[in-house]
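Note sheet for the following structure.
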Amino acid sequence: MRLPAVHFNLILPLTMPVSETVTHARSARLAVQAPERVEYREAVTNETPLAPSTTHAWQPDVLGEGYRQLTIPLGPDPDGEGVVDATLVRHEPDIAEPAAGAVLYVHGFTDYFFQKHLAEHMSARGYRFYALDLRKCGRSRRPGQTAHYVSDLRLYDAELDRAVQIVREETGLPVLLMAHSTGGLVLPLWLNRRDAAAEGITGLVLNSPWFDLQGPAYYRHIGTAVIGGVGRVRAMTRLPGGELSTYGDSLHTSVSGEWDYNLDWKPLGGFPVHLGWLRAIRRGHAELHRGLDVGVPALILRSKVTKFMRKYGPAADVSDVVLDVRQIQRWSGCLGGRTNIVPIEGARHDVFLSAPEVRSHAFTELDAWLSWLRDFRA
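FYI, the UniProt record's numbering numbers position 211 of the sequence shown as 211, with every residue one higher than the one before it.
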């Protein structure tokens, strides 16, 4: 995700414990009407195969050998930009470990699924790995559509419902949810409207989730009021100054990073931020802050420090230059239930795109939590 330049003018050296556990009282579910579910047109199977089912119309994916994609049609766009689709990506390793569960991963803003090393790591642990490109994002964006734009985060319920259904039908396994940044806001809100046990969800892993609007306090108070009012009537108005490339420069091989990905789908400077979209985000933040009940244990991985920078420098490689990690810490208890928070020294905004030794630490923490989750559920 990327916000206006004024949100990136703070240096915030923080020190926090290596690992923390937060327990929050289970809150009453908010009575929010979800959008109507869209029926998928392909046939499905209820079997539990050793290899993924081929009943759906899976096609080769841009990630190459070992990856396939499935288009999920969602019908007319409630925001008036034609017909919308989502895209489910499946990892098919050469040698599949005995299945312990399945994973569904959801990306953030100015993002799409390209993290093959994450899929391979989870597959090696015995998880069947799937990732979802949401409507108007990455593989799912169609000509004439505004990148990542939705006027209401509840619109994502349609593709999340269908993606989980497909994963369950193909694998017959319980599902672990993983998400990054804006996806880390979308998934808890969706879970709060669903029955995790009935959906077959076992846990939630959030990688630097976007839990509040970064920047000075008046952005969140006065700014939110302005966003709410203007965003309702001028939804497609762009916020100026939002296309900073600090984070992108730290990631991509064309500048200072080690990662090669599609710059049309994840531009260095980010996509423009529209008021209608930001209004939806702030409404999601408010719902989170009132308290959720995601119904499953959660792991939150984040950088140990935030350093907002207008231009790339070495500090961008070892800190979160997008979100304020103190806000992640503050609001994590609002998920409900058992939540573990692990600050990762030297991590980037996406902890799994950090330097090799740092992401190795992140994977070690993830693996330890997955082992705990297995014992907790036994």
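Each residue gets a CB set at the ideal place from its N, CA and C atoms; glycine is no exception.
Handout entry: C-alpha distance - histidine 349 paired with tyrosine 247, whole-angstrom precision
Key = 8 angstroms
Exercise for the section: Would you grab the beta carbon distance between glycine 138 and valine 175 for me? Rounded to a whole angstrom, and I think it's under 8 angstroms. Expected result: That pair is no contact at about 21 angstroms.
Handout entry: Rounded separation between valine 357 and phenylalanine 114 - CA only
Key = According to the sequence provided, residue 357 is glutamate. The question's valine does not apply to it. One C-alpha to the other measures close to 20 angstroms.
Problem - Test item: CB-CB of residue 379 and isoleucine 72 under 8 angstroms - result: No information on residue 379 is available, as it lies outside the stretch 1 to 378 that the chain covers here.
Exercise for the section: Please determine, among Asp375, Pro240, Ala378 and Phe352, the residue with the shortest C-alpha to C-alpha distance to valine 205. Expected result: Of the listed residues, the one whose Cα sits closest to valine 205 is Phe352.
Exercise for the section: Indicate the three-state DSSP secondary structure (helix, strand or coil) for arginine 90 in the structure shown. Expected result: strand
Exercise for the section: Taking glycine 276 as the reference, give the member of Leu153, Ala368 and Ala298 with the closest Cα. Expected result: Leu153
Handout entry: Buried or exposed (CB count within 10 angstroms, at least 16 for buried), arginine 90
Key = buried
Exercise for the section: Pull up the distance between the alpha-carbon of threonine 171 and that of arginine 238, whole angstroms please. Expected result: 42 angstroms
Exercise for the section: Report yes or no: do three or more beta-carbon pairs, one from the stretch 303-311 and one from the stretch 278-289, lie closer than 8 angstroms? Expected result: The stretch 303-311 is not in contact with the stretch 278-289.
Handout entry: Presumed contact (8 angstroms Cβ cut-off) between aspartate 133 and serine 140, rounded CB distance
Key = 5 angstroms
Handout entry: Pair within 8 angstroms by beta-carbon distance, alanine 197 and glycine 295
Key = yes
Practice task
Determine the extent of the beta strand (DSSP E) in which alanine 131 is found, giving its start and end residues.
Solution key: 127-133
Practice task
In angstroms with no decimal places, state the Cα-to-Cα distance between leucine 299 and valine 325.
Solution key: 15 angstroms
Exercise for the section: Would you list, in sequence order, the uninterrupted alpha helix (DSSP H) runs of no fewer than 4 residues that lie entirely inside the stretch 68-126? Expected result: 116-124
Handout entry: glutamine 59, DSSP secondary structure in three states
Key = strand
Exercise for the section: Give every residue of the same chain whose Cβ lies closer than 6 angstroms to the Cβ of glycine 228, excluding the five residues on either side of it in the sequence, and list them in chain order. Expected result: Sequence-distant partners of glycine 228 (beyond 5 residues in either direction) whose C-beta falls short of 6 angstroms from its own C-beta, in its chain, are Arg279.
Problem - Rounded straight-line distance, which links the Cα of histidine 148 to that of tyrosine 156 - result: 11 angstroms
Handout entry: Straight-line Cα distance separating histidine 252 from tyrosine 40
Key = Bear in mind that a pLDDT of 30 at tyrosine 40, under 50, signals an unreliable position, so the number given afterwards is only what the model happens to contain. Using only the alpha carbons, I get a separation of about 36 angstroms.
Practice task
Assuming aspartate 293 contacts asparagine 192 (C-beta within less than 8 angstroms), just tell me the rounded distance between them.
Solution key: Confirmed, about 6 angstroms.
Exercise for the section: Hey, could you find the ends of the beta strand (DSSP E) residue 419 is sitting in? Expected result: Here the chain comprises residues numbered 1 to 378, so residue 419 is not present and cannot be evaluated.
Practice task
Could you please give me the residues that DSSP links to asparagine 207 through a beta bridge?
Solution key: For asparagine 207, which the question treats as bridged, DSSP gives the partners His180 and Leu301.
Handout entry: Rounded straight-line distance, which links the Cα of histidine 361 to that of proline 267
Key = In this structure, the straight-line span from the alpha carbon of proline 267 to that of histidine 361 is close to 28 angstroms.
Exercise for the section: State yes or no: is the C-beta of leucine 373 within less than 8 angstroms of the C-beta of glycine 203? Expected result: yes
Handout entry: Span separating the alpha-carbon of alanine 158 from that of tryptophan 190
Key = 10 angstroms
Practice task
Taking alanine 315 as the reference, give the member of Glu345, Gly337, Gly291 and Trp331 with the closest Cα.
Solution key: If you compare the alpha carbons of Glu345, Gly337, Gly291 and Trp331 with that of alanine 315, the shortest gap goes to Glu345.
Handout entry: Nearest-angstrom Cα separation, counted from serine 319 out to valine 305
Key = 5 angstroms
Practice task
Work out the CA separation of proline 209 and aspartate 264 for me, nearest whole Å.
Solution key: 23 angstroms
Practice task
For serine 250, I'd like the list of residues in its chain whose CB is within less than 8 angstroms of its CB, leaving aside the five on either flank, ordered along the chain.
Solution key: Ser256, Gly257, Tyr312, Ala316, Asp317, Val321 and Arg348
Handout entry: Three-state class that DSSP yields for proline 343 in the structure shown
Key = strand
Exercise for the section: Tell me, to the nearest whole angstrom, how far the beta carbon of alanine 102 is from that of tyrosine 127; I am working on the premise that it is less than 8 angstroms. Expected result: 6 angstroms
Exercise for the section: Report the partner residues of valine 175 according to the DSSP bridge assignment. Expected result: DSSP, once it has assigned bridges, lists Ala102 and Ile201 as partnering valine 175.
Exercise for the section: Take the Cβ of glycine 291 as the centre, count every other Cβ of all protein chains shown within 10 Å, and call the residue buried at 16 or more, exposed below. Expected result: It counts as buried.
Problem - Alpha-carbon spacing of leucine 104 relative to histidine 121, whole angstroms - result: 14 angstroms
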